[in-house]
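Numbers in our numbering are just positions in the sequence shown, counted from 1, shifted up by 44. A short worksheet on the structure shown next.
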Amino acid sequence: MDSVIPNPNPPYTRIGTSDLTVYPLNLGGNVFGWTADEAESFAVLDAYAAAGGNFLDTADGYSHWVPGNSGGESEEIIGRWFASRGNRTGIVLATKIGRFPGLSGLRPETIRRAVDNSLSRLGTDWIDLLYTHFDDESVPVSDIVTTLDELVRAGKVRHIAASNISAERLAASLEFSEREGLARYVAIQPHYNLLSRDSYEGPLAELAARHGLAALPYYALASGFLTGKYRPGTAVDSARAERAADYLKDERALRVLDALDKVAAETGAEHATVALAWLRQQPTVAAPIASARTPQQLPALLASTTLELTPEQLGLLTTASA
45 MDSVIPNPNP
55 PYTRIGTSDL
65 TVYPLNLGGN
75 VFGWTADEAE
85 SFAVLDAYAA
95 AGGNFLDTAD
105 GYSHWVPGNS
115 GGESEEIIGR
125 WFASRGNRTG
135 IVLATKIGRF
145 PGLSGLRPET
155 IRRAVDNSLS
165 RLGTDWIDLL
175 YTHFDDESVP
185 VSDIVTTLDE
195 LVRAGKVRHI
205 AASNISAERL
215 AASLEFSERE
225 GLARYVAIQP
235 HYNLLSRDSY
245 EGPLAELAAR
255 HGLAALPYYA
265 LASGFLTGKY
275 RPGTAVDSAR
285 AERAADYLKD
295 ERALRVLDAL
305 DKVAAETGAE
315 HATVALAWLR
325 QQPTVAAPIA
335 SARTPQQLPA
345 LLASTTLELT
355 PEQLGLLTTA
365 SA
């Protein structure tokens, strides 16, 4: 496929116990202002929306690591896209706070300032799903949750979520919310894919299932390795090539690549489609996060929302990645 075909009946799913109904492929905004300039970012956003996509993920720190950037570039690009398209109400917007240079951590005043700054960059009055980007164990969960609840009550945030948090701190946060009658996390954003399972599967996933939290995994394609384009002896021109190529040193990654080859041949789907479909069909997962630099990269991602792998195909991939 070399173009994005609008879907008149896109599949949608609900995020945990919230009232947010989203497309089951969460478009990642980490490339906006990094490997995709504003014009390219707008093209990707337009194509995703035209296909029925309505769920964007970004963060206040994207993309401060790029020479010449200071952070907030992705949010600013998305904000200008909202303004030019007039479509803010049709999009479920998720952003993360706590990693902006000079405004990191989760102290109450830091959270308040970070959210106000994100709202300004995004050109909106509200954030649909606000994540704490990384937990800050120097701050009691009671302070974090109470501050987030204030933002919900003020109408600046609709729902709250957590990324990169331990099962223990997540459990404590949920318990505090329930005991005090405050806003509670409805989702978690873990590092989770066919090559990174241990950090989520187990206590964290069990906790999410028990409390009805949705998982929205990042690095869903393992920095691009699970697209199948990285092979021994093959050079790939990509900003993520070095990180993705590291997987070639891992025997397990080669087993996963072999399993992806088999399932892709059986289904006629691209490797990225298969890898994302496997992830989407895991317990608690609502919408994997994946990004695209160009509209041409989108079809393989979007196709994962309707590809249903058989139990045998799921088992093959799960066994290979164990």
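The C-beta atom is built at its ideal place from N, Cα and C for all residues, glycine as well.
Burial state of residue i, where buried means 16 or more other Cβ atoms lie within 10 Å
i, result
"N53", "exposed"
"T363", "exposed"
"K140", "buried"
"A366", "exposed"
"A438", "Any property of residue 438 remains undetermined from this structure, which presents the chain solely from 45 to 366."
"D81", "exposed"
"P332", "buried"
"R337", "buried"
"A253", "exposed"
"G142", "buried"
Neighbourhood of residue i by C-beta distance below 6 Å, restricted to the same chain and skipping five residues each side
i, result
"Y291", "F269, A297"
"I121", "F76, G77, E82, S85"
"T65", "Y56, R58"
"H203", "S62, L173, V230"
Bridge partners - residue i, DSSP secondary structure assignment
i, result
"K140", "Y175"
"Q233", "S207"
"N70", "I333"
"S379", "The chain is shown only over 45 to 366; residue 379 falls outside these bounds and no answer can be derived."
"V201", "I171"
"L100", "L71, L137"
"S148", "R143"
"R58", "T65"
"Y262", "H235"
"F76", "A80"
Cut-off 7 Å between Cβ atoms - residues of its own chain near residue i, not counting five sequence neighbours on either side
i, result
"A127", "G167"
"I135", "N98, L100"
"Y228", "Inspection of the sequence shows that residue 228 is occupied by Arg rather than by Tyr. Same-chain partners within the cutoff: L218, S221, E222."
"M45", "At M45 the pLDDT is 34, less than 50, meaning the model places this residue with poor confidence; the figure from the coordinates comes in the next sentence. Hits under 7 Å: P343."
"G60", "V230, A231, G256, L257, A258"
"P339", "V48, A87, V88, A91"
Nearest-angstrom beta carbon gap, residue j and residue i [assumed within contact, 8 Å]
i, j, result
"I232", "L214", "7 Å"
Residues near residue i by beta carbon distance below 8 Å, same chain, minus five either side
i, result
"L239", "A266, F269, L270, Y291, D294, R296, A297, V300, S365"
"D305", "G272, H315"
"T350", "P55"
"L260", "I59, N70, D101, A138, A205, A231, I232, Q233, V329, A330, A331, P332, I333"
**Study point:** Stretch pair the segment 176-189 + the segment 199-208: three plus CB contacts closer than 8 Å
**Key:** yes
Review point. Hey, is the segment 108-123 in contact with the segment 149-160, meaning 3+ C-beta pairs nearer than 8 Å?
Key: no
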